[in-house]
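For reference, the structure discussed in these notes is given below.
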Amino acid sequence: MASIQLSGLTKFYGKRRGVEDVSLEVGDQEFLTVFGPAGAGKTTTLNLIAGIVTPDRGSIRIGQKTVDALEPADRNVAMVFESYALYPQFTVYQNMAFPLRSPKHRLPATEVEQRVRHFATMLKIDHLLDRQIQALSNGQRQRTALGRALVRRPDVFLMDEPLSHLDAKLRHSMRAELKEMRSQLGTTTIYVTHDYLEAMSLGDRVAIINQGRILQVGTPEEVYFRPATVEVAQLFGDPEINLIEAKIRNRQSTSVRVQALGEEWSFPITPEIGSALDKLTGDNVRLGFRPADVTVGANGNSSLHGVVYSFEPLGTKSVLTIESVAGQRVRALVDGHRTFQVDRRIEFSVASSSLIFFDPESTRYLIRSIRTEGDD
Amino acid sequence: MTHSRSPLAKIGKGLQILLLLAYAVFALFPLLWMFIMSIKPDSQMLTTTFIFTPTLENYATVLHSDYMQFFLNNLIVSVAAVLLSLVVGVPAAYALARFQFKGKEDIAFTILSFRFAPEILVILPLYLIYQRLGLYDTYFGLIWVYQLITLPLLIWILRGFFEDISPDIEAAAQLDGYSWWQVFLRVLLPLVKPGLVAAGLLCFIFAWNSFTFPLLLSNNVQTSTVIALRYLASDTVHYGQVAAAAAISALPEVILALLIQKHLVRGLSFGAVKG
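As given, the protein sequences belong to chains H and W, one line each in that order. At position 107 of the first sequence (counting the first as 1) the number is 107 in our numbering, and the numbers step up by one without a gap. So our numbering is basically just the index in the second sequence, starting at one, shifted up by 1000.
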């Protein structure tokens, strides 16, 4: 059990940036998910903490100890690799027992046996203990890799996209199991993923990383509802958030009239939004709204017009892409039982209570239109 | 393949077996011929093919001469050359597979290029150097020069094996509480074992069969490959004795290959360690 503190971690691979100036604090027993697209520096961050990669600059503390000069074996960190990194010449049992037979963590044989069986049962692989790794399915390998990390009772767990190679259904159920497991274990965990649902559902907090830099750290709600920058908003959420440029035509104390998507429309605002808009230098603002906040159908004078560009049914929901009058496309999430013909003219509207305002110059978050829970 | 085979597929399969059989005969025939010659008396050597009075005379002559001393010499230098290659080559192969450093590919290619040069091309300067350094006619001199034959082979085969092991596995073992050396011995070496065995055996065969180097760089410390020449006397050629000597010489290779057949097949079909 320990907290983790990263300060100013920088690592370049030749000219390519791995991570740059990453500072992060993870509390004792906290579960932090690190979210970012491929090549963002997520794995590098984990490798730095584990000591597999040495930083160019910066320092790492685990608990009360600075571990910069320690070998991976001495950091008391357990890691689950994306590739699982199981020892192919061993059985499941030997893989799980391997850490407990090492000079660093050696335990008496009876206790090794007991611990391996305990965690194997917990992971539901107790019937596979004598199997060779080659004879396992991906899901079973993943569990074995998890088991090998769990038996150690380390200070810190590092998990590198452990679910990414599983099929969708298994991934979903493993996510639920992991969530259950984390409450039982209570070990400080850093969990890397490129799946925003995993990041949201598992993490106490989420760190968003891209191109080697941390963009935002916050609770899942904060990151989703109040993204620090346009980039975060784009990365987080699927289908991607809609971002449109709006020109403010006329602003009153309770409403604002904008020119956007090729049409003029208005929506109500609060005094807080008013004062936030005052800070803008020009009269442009960038509006973000999630596809789920787009309503298809006539809606009085706030209706916008467009044609159906594409329609993807996904079961309970469908993704509808609408080409607006101005030619810009807007994604909408609609009920699964509605169908739309491509090229059909439709009207749609944006829920005025779900708008996120960004500064078009700095692309930073300004304010959002309703106060969400946990908002201050 | 649960569906019933068509007649055409059956014929194809039969043809395949026939071809493989033909190849096996083709490949084994020299061995058989050598064995037949070795049990023929000299008088019948050129007059008969398969009908003769078998004799062990040739073997007796060879075994009673000092041939076995040279056989032992060959064993000493070949085994030592392979061991030295392992000690030097395994770390080199690991480094070439794992680390990024300047001129890496050039170094790897240079090592391989030792195999390109015909031995006869480099033998003269080597001879002069060996004379000066006092390495001429010594065990160590032969063992050293054999590295030209064994080391490139070993490094290039093992490099592929090390490259096949994910660096994650090494990192995982280190995180599991093992030092680098323990990781190397307990995790990596078992994984490259098939390659180690295959490369080791091939190196041994090449070293064992080496002819030019011992012929010109040694005199008293001589190997069986060169000594077999003396049965080609000026007056007559004792084909039977040559064949017997060759048959005895081939034994270690045959025995070794049979013993480690299983590893050999796995080792030569690369990528055997992929999980």
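Glycine residues also receive a C-beta, built at the ideal position from the N, C-alpha and C atoms. What you are looking at is a predicted structure, and each value in this text was computed from that prediction instead of being measured.
If the five residues before and after Trp-1156/W are omitted, its C-beta is found closer than 7 Å to the C-beta atoms of Leu-1112, all from its own chain and listed in chain order. At least one beta carbon of chain H lies nearer than 9 Å to the beta carbon of Gly-1177/W. Collapsing the DSSP output to three states places His-305/H in a strand. Remark: C-beta atoms of Met-174/H and Pro-162/H approach each other more closely than 9 Å. Counting along the chain, Asp-21/H sits inside no alpha helix (DSSP H); it lies in the beta strand (DSSP E) bounded by residues 16–26. Within the same chain, Ser-3, Ile-4, Leu-32, Thr-188 and Ile-190 come within 7 Å of Val-26/H by CB-CB distance, once the 5 residues on both sides are set aside. Note on geometry: alpha-carbon atoms of Glu-113/H and Pro-154/H lie some 18 Å from one another. Here Asn-1073/W really is in contact with Val-1221/W; their C-beta atoms are around 6 Å apart, less than 8 Å. For Ile-52/H, the residues of chain W that pass the 7 Å Cβ criterion are Ala-1171, in the order they occur in the chain. Residues of chain W with a Cβ closer than 9 Å to the Cβ of His-105/H are, in chain order, Asp-1176 and Gly-1177. Interface annotation, Gln-89/H: in contact with chain W, CB-CB separation under 9 Å. Leu-1191/W places its beta carbon less than 9 Å from that of Ile-1169/W. Non-local C-beta neighbours of Val-1090/W in its own chain, meaning closer than 7 Å and more than five positions away in sequence, comprise Leu-1158, ordered along the chain.
Counting only runs of 3 or more residues that sit fully inside the stretch 1124–1190 of chain W, no beta strand (DSSP E) segment turns up. Counting along the chain, no alpha helix (DSSP H) covers Pro-1041/W, and no H or E run does either. At least 9 Å separates the CB of Ser-137/H from every CB of chain W. DSSP, reduced to helix, strand and coil, places Phe-90/H outside both helices and strands of the structure shown, so it counts as coil. Glu-113/H: member of the alpha helix (DSSP H) spanning 109–122, first to last residue.
Boundaries around Asp-160/H are those of the beta strand (DSSP E), 156–160, since no alpha helix (DSSP H) includes it. Chain-ordered, the chain W residues with CB closer than 8 Å to the CB of Met-79/H read Ala-1171, Ala-1172 and Leu-1175. Here the stretch 1128–1135 of chain W does not lie against the stretch 1104–1120 of chain W, with fewer than 3 beta-carbon pairs under 8 Å apart. Rounded to the nearest whole angstrom, the CA to CA distance from Ala-1173/W to Pro-99/H is 8 Å. Taking the C-beta atoms as reference points, Arg-131/H is found nearer than 9 Å to Thr-91/H. In this model, Ile-241/H and Ser-253/H are separated by some 27 Å (Cα to Cα).
For Gly-18/H and Phe-119/H, the gap between their C-alpha atoms comes out near 34 Å. DSSP places Arg-148/H outside any beta strand (DSSP E); the residue lies instead in the alpha helix (DSSP H), whose first and last residues are 138–150.
Here the alpha carbon of Ser-303/H sits roughly 37 Å from the alpha carbon of Ala-207/H.
About 4 Å separates the beta carbon of Val-294/H from that of Ala-332/H, a gap short enough to meet the 8 Å contact definition.
According to the DSSP assignment, Glu-347/H belongs to the beta strand (DSSP E) that extends over 345–350.
For the pair Val-256/H and Ile-273/H, the CB atoms are nearer than the 9 Å cut-off. Judged by beta-carbon spacing, Ile-1039/W lies within the 9 Å limit of Thr-1055/W, meaning their Cβ atoms are closer than that value. Pairing Ile-356/H with Phe-289/H gives a Cβ-Cβ distance under 9 Å. Within chain H, the residues Phe-81, Ser-83 and Ala-85 have their CB atoms less than 7 Å from the CB of Asp-1168/W, given in chain order. Counting only Cβ-Cβ distances below 9 Å, Pro-1194/W has no contacts in chain H at all, with the closest Cβ about 11 Å away. Taking 9 Å as the Cβ-Cβ cut-off, the stretch 265–276 of chain H has no residue approaching chain W. About 7 Å separates the Cβ atoms of Ser-310/H and Val-342/H, confirming a contact at the 8 Å cut-off.
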